[in-house]
Amino acid sequence: MHLSLHTARCHARARPVIAFYKEKDMQLKKIVGALAAVGLAASVQAQEAVVKIGQSGPLSGSQAFAGKDNENGARLAVEELNAKPITVGGKKIKFELQSEDDQGDPKSGVNVAQKLIDANVRFVLGPYNSGVTIPASKVYSDGGAVVATVGSNPKITQQGYKNLYRINASDTQLGSKMALYAAKELKLKNVAVIDDRTAFGQGVAQEFEKQARASGMNVVAHEFTTDKSSDFTAILTSLKAKKVEAIFLGGYAPQGGPMARQMKQLGINAKLLGGDTICAAEMGKLGGDAVGENVLCAQGGAILDKSESGPAFKAKYKQRFNQDPDVYAASFYDGMMMYADAMKKANSTDPAKVGAEIAKGTYKGVAGTYSFDDKGNMKQSPVTIFTFRNSQPTPITSY
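Position 36 (the sequence shown) corresponds to 36 in this note's numbering; numbering is contiguous.
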C-alpha cells in the first residue's frame with residue numbers, strides 16, 4: 001500500500017518534467033520544420049528567375065482601346081507561360097509584365113522607355129504608335145533592350161538599331177496593298193488622301209498615294225488634319241466638289257469614325273479607306289450606321305479564323321477578357337511567345353543572346369510566321385483587307 005502511494009507520487013512529480021520535454025521537443029521540431037521550409041523556399045527561389053517584360057502603349061485617351069487590347073494580348077501570353085514555366089539555364093522562368101501608358105505621345109513614349117530601362121526591363125512589346133517608336137527606340141537601344149513593335153512607319157527600322165523588330169506589315173505594305181485592292185478589285189479612278197501628320201499617318205498615306213498613281217488612279221487631292229481633330233466638314237466639302245470615289249485616311253479610328261459620319265451627313269457616297277489603325281471595332285462604335293461596307297482597311301497578318309491557331313486564340317482571349325481581340329492582340333501575344341521561344345533556344349535570358357536568336361531564327365505564331373531581314377522587318381507579312389459588317393471589322397481577303 002505504501003509502495004503504491006510512493007509510486008503514484010513519483011509519477012505525479014514526473015509528469016511536469018515529461019510535459020516540459022515534450023513541449024521543448026515540439027518547439028524544436030517546429031523550428032527545424034520552419035528552417036527546412038525557409039531552406040526549401042530559398043532553394044525554389046534559387047531555381048527560379050524573374051524576367052520583366054515591358055509593354056508601351058496608349059492606355060489613356062482616344063486610342064486607349066488599342067493600347068488595352070495590345071496589353072491584353074501580352075498578358076494572356078505571360079499568364080500561359082507562368083502557368084507552364086519554361087526552363088532556361090536550369091532555372092524556371094517567371095515573367096512579370098510591366099505595362100506603361102505612353103499616351104500615344106512621342107515625349108511620353110521616351111519617358112516610358114527610360115522608366116522601363118531604369119527598372120531593368122530588357123524585353124519590350126510596343127510601342128503601338130510609329131511616332132512614339134521612332135524616338136523611343138534610341139533609348140531602348142542604348143539600354144540594351146530587345147523591342148518588338150507594331151509601329152509601321154518604314155523609318156523605324158531604317159535607323160539601324162540592333163534588336164529592334166517590326167512584328168507586322170510596314171506602311172509600305174499596308175498602304176500599297178490597299179491601293180492595289182482599290183485599283184484592281186474596286187476599279188476606282190479618282191481618289192483623295194487625308195493624313196493626320198503623325199509619323200504613321202504620313203507614312204501610310206504616302207505609300208498609298210505612290211501605289212495609287214502607279215496603278216493608274218488619279219489622286220485629286222492630299223489634305224491634312226491632326227490626330228486630335230473631330231470636325232472634317234471643310235475638307236470633306238472640298239473633296240465632294242471633286243467627285244472623289246474614295247478617300248484614304250492616314251490616321252486612327254478616333255478620327256475615322258467621325259469622318260465616316262460626316263461623309264454620310266454631307267451625302268458623299270465615296271468609300272473610306274485606311275490602314276490597320278481603322279481596322280478596329282472602335283470605328284463601328286464611333287461611326288455607327290455610317291460605318292459598313294463603305295469602309296475598307298488593310299491590316300498586317302493573316303485572317304485569324306483561317307490561320308491554324310487563330311480560332312483557339314480568339315476563344316482563349318474572349319474567355320479571359322470577356323471581349324473579342326482587336327487589331328494587334330494576337331501580334332503582342334506572338335511577340336511575347338517569340339521572346340520565350342528565343343530564350344529557350346539560346347538557353348539564356350541575356351537580351352543580346354536572345355536578340356541574336358530572334359535575328360537568325362523563325363517562330364510560327366498565331367498571326368504569322370516571324371522571320372526577319374537584317375533591318376528587323378518581317379521577311380513575309382501577309383496583309384488582310386477588311387470591311388465592316390454589323391459595326392465589326394470583317395476580313396475579305398489576304399494577299
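All residues carry an ideal CB built from backbone N, CA and C; glycine is no exception.
{"Query": "Let me confirm a value: Lys177 is counted as buried when at least 16 other C-beta atoms fall within 10 Å, else exposed. Which label applies?", "Result": "buried"}
{"Query": "Would you call the CB atoms of Ile53 and Leu164 closer than 8 angstroms?", "Result": "no"}
{"Query": "Decide if Ala241 is buried, meaning its Cβ has at least 16 other Cβ atoms within 10 Å, or exposed.", "Result": "exposed"}
{"Query": "What does a CB cutoff of less than 6 angstroms around Gly301 pick up in its chain, not counting 5 residues either side in sequence?", "Result": "Ala367, Gly368"}
{"Query": "Within 10 angstroms of its Cβ, does Asp202 collect 16 or more other Cβ (buried), or is it exposed?", "Result": "Note that residue 202 is Gln in the sequence shown, not Asp. Buried, because 16 or more other Cβ atoms sit within 10 Å of the Cβ of Gln202."}
{"Query": "With which residues is Met378 paired in a DSSP beta bridge?", "Result": "Phe372"}
{"Query": "Starting from Gly54, follow the beta strand (DSSP E) in both directions and report where the run begins and ends.", "Result": "48-57"}
{"Query": "Helix or strand or just coil, what does DSSP make of Tyr252?", "Result": "coil"}
{"Query": "Output the distance between the C-alpha atoms of Gly400 and Val110, rounded to the nearest integer angstrom.", "Result": "Residue numbering for the chain in the displayed model covers 1 to 399; residue 400 lies beyond these limits and cannot be assessed."}
{"Query": "Quick check for students: name the residue ranges of the alpha helix (DSSP H) that lie wholly in the region 186-269, counting only runs of 4 or more.", "Result": "199-214, 233-241, 253-265"}
{"Query": "What does the Cβ neighbour count give for Pro311, buried or exposed, with the cut at 16 atoms within 10 Å?", "Result": "exposed"}
{"Query": "Taking the straight line between their C-alpha atoms, what separation do you get for Asn168 and Gly175?", "Result": "13 angstroms"}
{"Query": "Can you pull the DSSP bridge partners for Glu100?", "Result": "Ser56"}
{"Query": "For Asp231, tell me which candidate among Ala212, Tyr181, Ala356, Gln262 has the shortest Cα-Cα distance.", "Result": "Gln262"}
{"Query": "Does the pairing of the region 212-229 with the region 186-197 give three or more beta-carbon distances under 8 angstroms?", "Result": "yes"}
{"Query": "Who are the Cβ neighbours of Pro127 in its own chain at under 7 angstroms, not counting the five residues just before and after it?", "Result": "Ser56, Gly57, Asp102, Gly109, Thr133, Ala136, Thr149, Gly151"}
{"Query": "With distances taken from CA atoms, which of Val295, Lys107, Ala145, Lys243 is nearest Pro258?", "Result": "Val295"}
{"Query": "Can you find the residues in the same chain that come closer than 6 angstroms, C-beta to C-beta, to Ala183, ignoring five residues on each side of it along the sequence?", "Result": "Ser215, Met217"}
{"Query": "Within 7 angstroms: the Cβ of Gly61 and any heavy atom of the ligand COA?", "Result": "Here there are no bound small molecules, and the ligand COA is not part of this structure."}
{"Query": "Using only alpha-carbon positions, find the residue among Leu272, Met378, Ala234 that is nearest to Cys297.", "Result": "Leu272"}
{"Query": "Could you check where the beta strand (DSSP E) with Leu125 kicks off and where it finishes?", "Result": "123-125"}
{"Query": "Is Ser398 helix, strand or coil by DSSP?", "Result": "strand"}
{"Query": "If contact is defined by three or more beta carbon pairs under 8 angstroms, each pair taking one atom from either stretch, is the region 305-322 in contact with the region 353-366?", "Result": "yes"}
{"Query": "Val146: which of Arg122, Thr387, Val78, Ala64 sits nearest, CA to CA?", "Result": "Arg122"}
{"Query": "State the DSSP-derived secondary structure class of Gly143, mapped to helix, strand or coil.", "Result": "coil"}
{"Query": "Quick check: Ala212 and Asn153, are their CB atoms within less than 8 angstroms of each other?", "Result": "no"}
{"Query": "So, at 6 angstroms on beta carbons, what are the nonlocal neighbours of Ile358 in its own chain, with the 5 sequence-adjacent residues on each side left out?", "Result": "Ala342"}
{"Query": "Going by other Cβ atoms of all chains shown within 10 Å of its Cβ, with 16 needed for buried, is Lys318 buried or exposed?", "Result": "exposed"}
{"Query": "Roughly how many angstroms separate the alpha carbons of Met378 and Arg166, rounded to a whole number?", "Result": "7 angstroms"}
{"Query": "What is the C-beta distance between Ala253 and Leu304, in whole angstroms, given that I count them as a contact (C-beta under 8 angstroms)?", "Result": "About 19 angstroms separates the two Cβ atoms, so there is no contact after all."}
{"Query": "Can you check the region 278-333 for any beta strand (DSSP E) of at least 3 residues that lies completely inside it and give the ranges in chain order?", "Result": "295-300"}
{"Query": "Would you mind giving the Cβ-Cβ distance between Thr349 and Val88, rounded to the nearest angstrom? I have them listed as a contact below 8 angstroms.", "Result": "6 angstroms"}
{"Query": "May I ask you to report which of helix, strand or coil DSSP gives Val112?", "Result": "helix"}
{"Query": "Since Asp326 and Ala281 are thought to touch, with beta carbons under 8 angstroms apart, how far apart are those beta carbons, to the nearest angstrom?", "Result": "6 angstroms"}
{"Query": "If you count every other CB in all the chains shown that lies within 10 Å of the CB of Ala37, and 16 or more means buried, which is it?", "Result": "Summary for Ala37: the model assigns pLDDT 46, below 50, so the residue's position carries little reliability; its value from the coordinates is reported in the next sentence. The residue is exposed, with fewer than 16 neighbouring Cβ atoms inside 10 Å."}
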